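I have placed the structure first, in the form of structure tokens, so that the comments after it can refer back to it.
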Amino acid sequence: MPYNRLYRLEQIMADILIEVQGQDAIAATEELLSISGISGSYEVDSEVEREGTLATIATIIGIVGGAIAIAEQIRKWYQEYKQGKSGKTIEKVLIVGKNGQRLLLQNATLDEIQKILES
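Counting along the sequence shown from 1, when you hit position 40 you're at 53 in the working numbering, and nothing is skipped either side.
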């Protein structure tokens, strides 16, 4: 993952960043941003795309509702895409909290996701 790019972004922004890598990163990111209670936008990371992997960086500017409910929805979203939901897959997802804390969703617990959303 392009950690340097994420580090530069987090220096500029005080929002939560989520990087999604994989063949269906765009579709997965669009679905992530359509989750009720999450508002934000995304861009395709051209730096990673040149390396042969598709990646998006979503900026979450607002979370409406409880962090635990949003954390549950993010975890469910991630698990569905990792299992190849509708034939679409992603490889990695990294969340960078407002305080710079990083969390790979691969083995993340619900509690860890909630904490980074609240940070």
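Ideal Cβ placement from N, Cα and C applies to all residues, glycine included. All values reported here derive from a predicted model rather than from experimental measurement.
In this structure, the alpha-carbon of K111 lies about 13 Å from that of I126.
Annotation: the continuous alpha helix (DSSP H) that includes T42 extends over 38-46. When DSSP assignments are scanned along the stretch 42-125, the uninterrupted stretches of alpha helix (DSSP H) that are 4 or more residues long and fall wholly within it turn out to be 59-63, 80-95. One thing to note: G35 has its Cβ within 8 Å of the Cβ of I103.
A71 is a Cβ neighbour of Y55, given a cutoff of 8 Å.
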